[in-house]
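So for the sequence shown, numbering that gives the first Met the number 0 puts the first residue at 0; every next one is plus one. The structure under discussion appears below in the form of structure tokens.
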Amino acid sequence: MARKVKINTPSRLHFGMVNPFIRGARRYISAGVAVSYPNNIVIVKEGSELRVEGCRSDEVFTRIKDFAVKHGLKGIIEIRECIPRHIGLGSTTQLVLAAGYGLALVNNRLIDPVEIAVETGLGKYSGVGTYVFKHGGFVVDMGRSGSTVFPPLLTRLEFPEEWVFIIAIPSGSGLDEEREDRIFTEENRNIPVELTWKASYHLIELSSAVVERDFDSFVKALTALQETVGSMFSRYQGGVFSVNSARAIELLRENGVEGVGQSSWGPAVYGVVKGLEEAEAILEKLRPRLDGKVFITSPRNKGAEVVEEK
């Protein structure tokens with residue numbers, strides 16, 4: 000019987016990046032967390048050729064074809080559900096990894112997601128999306144030095160599952176990869192080095208709060224990290240938060256959410272609250288006032304879920 004697997008991926012919320020610009024030091028140190036919704040759902044089955052069907056199929060085929068040829072992999076990839084591009088939830092990384100990992104499995108190969116990421120051109124700046132796919136939970140990568148092949152994993156922690164995220168996706172989109180490349184290859188000499196040290200300290204606070212399950216310390220560190228990192232990117236996105244994201248951040252704060260952030264380039268933003276009941280009450284207040292999608296999701300302390308199908 001032909002082998003067939005179903006892969007359900009998490010989404011990724013990005014908490015912040017230390018030193019995106021200043022050369023001569025380790026750059027792009029990043030933190031983030033896996034969340035349970037929205038998901039990419041990919042079915043991969045044995046086949047005599049490489050074929051990709053469903054949403055974003057042309058894009059995925061382009062990203063994985065050289066990887067498939069190198070390893071002699073063939074199969075039919077059906078993308079049943081896909082998260083839209085450039086909204087800040089790491090959709091491309093999750094989708095490409097699901098396709099590549101599933102393709103390897105149906106060819107009776109076990110290839111590490113990090114290797115797939117390297118060979119498909121993922122993780123140029125952050126490895127968080129790859130480690131979220133592999134492990135779930137809260138992850139921090141070590142960024143890049145001059146010799147780094149892929150951002151190494153610094154830590155992976157269980158994230159408190161009782162804390163709940165409210166995610167808002169206003170209309171608009173974040174930056175594409177071409178624009179991102181131009182920004183990160185620019186040497187921005189106007190960024191005070193002190194901001195990098197501040198971001199580093201806030202990241203330590205954030206990680207410690209996860210370990211200690213200290214909600215109050217977590218939301219303070221998250222907001223401080225976001226504001227520090229956002230100030231480094233303000234010239235590119237129109238402020239500490241992007242133009243598309245700023246209003247949603249304001250609405251979250253107006254409704255009592257203290258821990259807020261913009262995921263990557265946005266427009267997706269998030270707030271974290273202590274429990275589901277509080278999240279549901281805030282959600283009802285936000286819906287009539289937000290031009291876009293808003294929903295509740297939970298942390299996900301496991302990576303992509305792979306199920307063998309008959």
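Don't be surprised by glycine CBs; every beta carbon is placed ideally from N, CA and C. Quick caveat: nothing in here was measured; it's all calculated off a predicted structure.
What whole-angstrom Cβ distance do residue i and residue j have, given they're in contact under 8 Å?
i: Ile2; j: Glu45; result: Strictly speaking, residue 2 in this sequence is Arg, with Ile absent from that position. Arg2 to Glu45, Cβ: 5 Å. Contact.
i: Gly122; j: Pro150; result: 6 Å
i: Glu52; j: Ile82; result: The pair is not a contact, with the Cβ atoms about 17 Å apart (cut-off 8 Å).
i: Gly291; j: Ser170; result: 5 Å
i: Val131; j: Gly31; result: 6 Å
i: Thr296; j: Ile166; result: 6 Å
i: Val268; j: Val163; result: In fact, because the Cβ distance is near 15 Å, the residues do not count as touching under 8 Å.
i: Leu221; j: Gly255; result: That pair is no contact at about 15 Å.
i: Val305; j: Ile6; result: 5 Å
i: Arg25; j: Arg143; result: 7 Å
i: Val228; j: Met16; result: 6 Å
i: Val377; j: Arg299; result: Nothing about residue 377 can be reported from this structure: the residues present for the chain run from 0 to 309 only.
i: Gly260; j: Phe14; result: 6 Å
State the Cα-Cα distance for the pair residue i and residue j, rounded to the nearest angstrom.
i: Arg246; j: Ala103; result: 43 Å
i: Leu194; j: Tyr27; result: 13 Å
i: Trp371; j: Glu308; result: An answer regarding residue 371 cannot be provided, because it is not within the stretch 0 to 309 covered by the chain.
i: Leu152; j: Glu226; result: 24 Å
i: Ala198; j: Asn18; result: 8 Å
i: Arg155; j: Lys64; result: 31 Å
i: Gly274; j: Val4; result: 34 Å
i: Glu311; j: Phe66; result: Since the first residue of the chain shown is 0 and the last is 309, residue 311 is not available in this structure.
i: Val43; j: Ser262; result: 29 Å
i: Glu276; j: Leu285; result: 15 Å
i: Leu96; j: Arg84; result: 15 Å
i: Thr8; j: Arg234; result: 33 Å
i: Glu211; j: Lys301; result: 20 Å
i: Arg79; j: Lys73; result: 19 Å
i: Gly319; j: Asp180; result: Outside the modelled stretch of the chain, which goes from 0 to 309, sits residue 319, for which no answer is possible.
i: Pro138; j: Ala223; result: The sequence given here places Val at residue 138; Pro does not occur at that position. Each residue's Cα considered, the two are about 18 Å apart.
i: Arg108; j: Gly71; result: 10 Å
i: Leu205; j: Thr91; result: 26 Å
i: Gln93; j: Val117; result: 14 Å
i: Glu185; j: Leu251; result: 33 Å
i: Ser207; j: Met141; result: 16 Å
i: Leu111; j: Tyr200; result: It is worth fixing the name first, because residue 111 is Asp in this sequence and not Leu. Rounded to the nearest angstrom, the two C-alpha atoms are 32 Å apart.
i: Leu202; j: Ile281; result: 27 Å
i: Ser244; j: Glu157; result: 28 Å
Note the first and the last residue of the continuous alpha helix (DSSP H) segment covering residue i.
i: Tyr235; result: Phe214 to Gln236
i: Asn7; result: Segment Lys3 to Asn7 is the beta strand (DSSP E) holding Asn7; no alpha helix (DSSP H) there.
i: Phe132; result: Val127 to His134
i: Val242; result: Val242 to Glu253
i: Val113; result: Pro112 to Glu118
i: Lys284; result: Leu275 to Leu285
Starting from residue i and walking both ways along the beta strand (DSSP E), at which residues does that stretch end?
i: Gly260; result: Gly258 to Gln261
i: Thr296; result: Gly291 to Thr296
i: Gly270; result: Val268 to Val272
i: Val306; result: Glu304 to Glu308
i: Val139; result: Phe137 to Asp140
Any heavy atom of the ligand MN closer than 7 Å to the beta-carbon of residue i?
i: Glu276; result: With respect to the ligand MN, the structure offers nothing, as it holds no ligand at all.
Thinking just about the alpha-carbon of each residue, which of the options is nearest to the one in residue i?
i: Ala303; options: Pro19, Glu157, Gly31 and Gly136; result: Gly136
i: Tyr36; options: Asn254, Gly229, Ile168 and Glu276; result: Ile168
i: Glu253; options: Leu289, Ala223, Ile86 and Leu224; result: Leu289
i: Ile182; options: Phe217, Met231, Ser244 and Phe214; result: Met231
i: Thr147; options: Asn7, Gly128 and Tyr124; result: Tyr124
i: Ile190; options: Arg22, Asn7, Val4 and Pro9; result: Arg22
i: Leu12; options: Ser29, Tyr100 and Val4; result: Ser29
i: Val41; options: Asp111, Ser206, Gly99 and Val117; result: Gly99
i: Val68; options: His201, Ser216, Ile115 and Asp111; result: Ile115
i: Asp213; options: Val242, Glu160 and Thr184; result: Glu160
i: Phe240; options: Phe158, Val218 and Gly87; result: Gly87
i: Gly89; options: Cys54, Pro112, Gly101 and Asn38; result: Asn38
i: Glu236; options: Asp175, Lys133, Glu279 and Tyr200; result: The sequence as given places Gln at residue 236; Glu does not occur at that position. Checked all of Asp175, Lys133, Glu279 and Tyr200; the closest Cα to Gln236 is Asp175.
Taking 8 Å as the CB-CB cut-off, is residue i touching chain C?
i: Gly99; result: Judged by its chain identifiers, the structure shown contains no chain C, having just a single protein chain.
Just list the alpha helix (DSSP H) runs in the region 156-212, keeping only unbroken ones of 4 residues or longer that don't cross its boundaries, in chain order.
176-184 and 192-211
Starting from the N-terminal side, write out each stretch of the beta strand (DSSP E) that is 3 residues or longer and does not extend beyond the region 18-89.
28-34, 40-44, 49-53 and 74-80
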